[in-house]
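K.L.:
Let me give you the structure first, and then I'll get to my questions.
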Amino acid sequence: MSCIAKNSDQVVYDVIEEYELEQGNFYIEDVNRELCTNIPSELDMGKVYTRLIVDTLYPDEDYIEGILRIYNDEICITLDDYNNGAYYEPSYVIARAYKNGEF
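With the working numbering, the residue at position 19 of the sequence shown is 24, and numbering never jumps.
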């Protein structure tokens, strides 16, 4: 897939088609307000996931493969559960949890 000089909507469409992405039904604000008083922004979570992808990138892996590897891992369930606060952990702790297969 080449993204050079393409309309951004076409690039999004191409990625969705190539990787067979499907619409989910995750509701981000479905949290226990006693445990989670502050829901992280999209930018905050983007930073968490970016650091995890970069910190665990294999030498022969490109960023797209790294993104797909991380987003298809069970660690996302833990990171996206704002009731536990795992997303606030330092990036090296999150990367180690990913490599160990548990938080």
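From the three backbone atoms N, C-alpha and C, an ideal C-beta is built for every residue, glycine too.
(1) Would you mind working out which of 19, 18, 24 sits nearest residue 73, comparing C-alpha positions?
(2) My assumption, with CB atoms under 8 Å, is that residue 82 sits in contact with residue 53. Please give the rounded CB distance.
(3) Is residue 77 closer than 9 Å to residue 36 when the C-beta atoms are compared?
(4) Straight-line CA distance for residue 66 to residue 85?
(5) Identify whether residue 96 lies in helix, strand or coil by the three-state DSSP scheme.
P.N.:
On the basis of the data shown:
(1) When only C-alpha atoms are compared, the closest one is 24.
(2) For residue 82 against residue 53, the beta-carbon gap comes to about 14 Å, at or over 8 Å, which does not count as contact.
(3) Contact annotation: residue 36 and residue 77 have beta-carbon atoms that are not nearer than 9 Å.
(4) Across the structure, residue 66 and residue 85 are spaced so that their CA atoms are roughly 24 Å apart.
(5) In the structure shown, residue 96 sits in a helix (DSSP, three-state: H, G or I).
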